[in-house]
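Input: a single structure, listed below in structure tokens.
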Amino acid sequence: MSVVPVADVQLVNGEAVEVDIRHARVGSRGLALLLDLMIQVLIALAFFIAGAAAAAGLVRDVVDDALLNAMVTVAIAIGFIAYPTLVETLTNGRSPGKRAMGLRVVREDGGPIRVRHALTRSLVGFAVEWPGLLFPPFTWAVALTTMISSPRGRRLGDLAAGTFVVHERTPVPWGWVPSMPPHLGAWASALDLTNLGDDLALASRHYLARVRDIKEPMNSRLANGLAAEVSLRIAHPAPPGVPPWMFLSAVLAERRRRAGERVHATRALTQRIWPGFGRAQWPSAGGPTWDPSVTHPPILGIAKERQGDNL
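First residue of the sequence shown: 1, per full-length UniProt numbering; consecutive thereafter.
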């Protein structure tokens, strides 16, 4: 079994600090490429149509096959070389397709790319990769094999330019979920949470999950702002004496409890209609236990999610 050198899969910056990154592979890069190619084709067509219309209107007598072929060449060069070079240079490696997929082109040292990097990538991609006008489909197979075999998912253009593509959006697993303060359970059960949308609930959960890492006064500003918006959505203020973080924890814990009940009811109905598909032995609906530990006082309303309570 071959061993991939550490230097090929890790990024170390100029200060000799290893940077944690996710290299983009064939799947995400392929989807980004399809989006970019559609835009490039449309741009090339637009330039050709505009040039043909201008030539027909201004110099109609000299329009011939040679002129049309020249306009096709210029339109292709603009759409497949000039456009991607300009876009990747101005956006620091984020073409529309890469931006949609959360990707970015960076140099081998992790820095932003320059004109020479973007131009090299465009020229190599145009000539031997996508669309690959030089010996297709042989060069397509070579380009795809190179990407699959590369530890960093680098294509021929990346190897020539000294670049690679990384994910800008790094998934963060949930380590904490809001739990219900015991003395607020009855109060929260009567709340109308219909207007509490997913975006606001997710923002509140993000805050609670990271509350101990947020310094004052920003911590209080975020807590008060989120609590005020949640109160407005549920048309019910926090009980007297309840701090904003505890109010948010109670609301989100109740929201999660109701969602869990709906999920378990659906599973039970599925089990009755199609035995075996609903999985009879599901963990009981419920939430994480309230842990009043004073190890981290700001997170009294947050507890570790137990295995089996995951929804």
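Each residue gets a CB set at the ideal place from its N, CA and C atoms; glycine is no exception.
Please read all numbers here as calculations on a predicted model, not as lab measurements.
Kindly list the residues whose CB is nearer than 6 angstroms to the CB of residue i, restricted to its own chain and excluding five residues on each side of it in sequence; keep chain order.
i    : result
R154 : F164
P244 : A223, N224 and A227
E108 : G162
Would you report the Cα separation of residue i and residue j, rounded to the nearest angstrom?
i           : j    : result
W187        : P217 : 29 angstroms
A201        : L269 : 28 angstroms
P178        : A32  : 36 angstroms
V166        : L34  : 17 angstroms
A223        : I148 : 46 angstroms
G14         : G93  : Here the model assigns G14 a pLDDT of 45, short of 50, so the residue's position is not dependable and the matter cannot be decided.
K215        : S231 : 24 angstroms
T266        : G197 : 21 angstroms
R160        : V124 : In the sequence as presented, Arg is not what sits at residue 160; that position holds Ala. Near 8 angstroms, if we compare the C-alpha coordinates of V124 and A160.
R116        : A66  : 32 angstroms
M180        : R210 : 18 angstroms
H206        : L68  : 57 angstroms
S122        : D192 : 55 angstroms
M71         : F48  : 6 angstroms
S249        : L208 : 7 angstroms
E229        : A259 : 21 angstroms
residue 312 : T73  : Absent from the structure is residue 312, since the part of the chain shown begins at 1 and ends at 311.
G30         : P131 : 13 angstroms
M38         : R99  : 15 angstroms
R22         : D213 : 24 angstroms
T145        : T120 : 20 angstroms
L252        : P182 : 14 angstroms
P137        : A50  : 31 angstroms
L86         : P240 : 58 angstroms
Would you mind giving the Cβ-Cβ distance between residue i and residue j, rounded to the nearest angstrom? I have them listed as a contact below 8 angstroms.
i    : j    : result
E168 : R104 : 5 angstroms
S95  : P112 : Not quite, the Cβ-Cβ distance comes to about 14 angstroms (not below 8 angstroms), so this is no contact.
P254 : S150 : Note on identity: in this sequence residue 254 is Glu, with Pro being the wrong assignment. With 8 angstroms as the limit, E254 and S150 do not qualify as a contact, their Cβ atoms being about 49 angstroms apart.
T88  : A118 : The sequence given here places Glu at residue 88; Thr does not occur at that position. Right, the Cβ-Cβ distance comes to about 4 angstroms (below 8 angstroms), so this counts as a contact.
I'd like the list of long-range same chain contacts for residue i, defined as Cβ closer than 8 angstroms, with 5 residues on each side in sequence excluded.
i           : result
E129        : T139, W140, A143, R155, L156 and G157
A44         : A75, I76, I78, G79 and F80
V106        : G93, P112, I113, T163, F164, V165 and V166
Q40         : G79, F80, Y83 and P84
residue 334 : Not covered by the structure: residue 334. The range shown for the chain is 1 to 311.
V26         : L144, M147, I148 and G153
Excluding the 5 residues preceding and the 5 following residue i in the sequence, name in chain order all residues of the same chain whose CB lies nearer than 7 angstroms to its CB.
i    : result
F247 : A227 and A238
E24  : In the sequence as displayed, the identity of residue 24 is Ala instead of Glu. For A24, where only same-chain residues beyond five positions count, the Cβ hits under 7 angstroms are L103, G153, V165, V166 and H167.
A127 : L133 and L134
R233 : N195, L196 and L200
H236 : L191
A203 : L226
L42  : none
Do residue j and residue i have their beta-carbon atoms positioned less than 8 angstroms apart in this structure?
i    : j    : result
L184 : V242 : yes
G97  : D36  : yes
M101 : S28  : yes
Of all the CB atoms in chain C, is at least one closer than 8 angstroms to the CB of residue i?
i   : result
I78 : The structure shown contains no chain C, having only a single protein chain.
Review point. Could you give the uninterrupted runs of the alpha helix (DSSP H) lying entirely in the stretch 85-147, keeping only those of 4 residues or more?
Key: Taken in chain order, the complete alpha helix (DSSP H) segments of 4 or more residues contained in the stretch 85-147 are 96-101 and 115-128.
**Study point:** Any alpha helix (DSSP H) of 4 or more consecutive residues that is wholly inside the stretch 173-209
**Key:** Fully enclosed alpha helix (DSSP H) runs of 4 or longer: 185-189 and 198-209.
Point to revise | Those runs of the beta strand (DSSP E) which lie wholly inside the stretch 30-72 and span at least 3 residues | key: none
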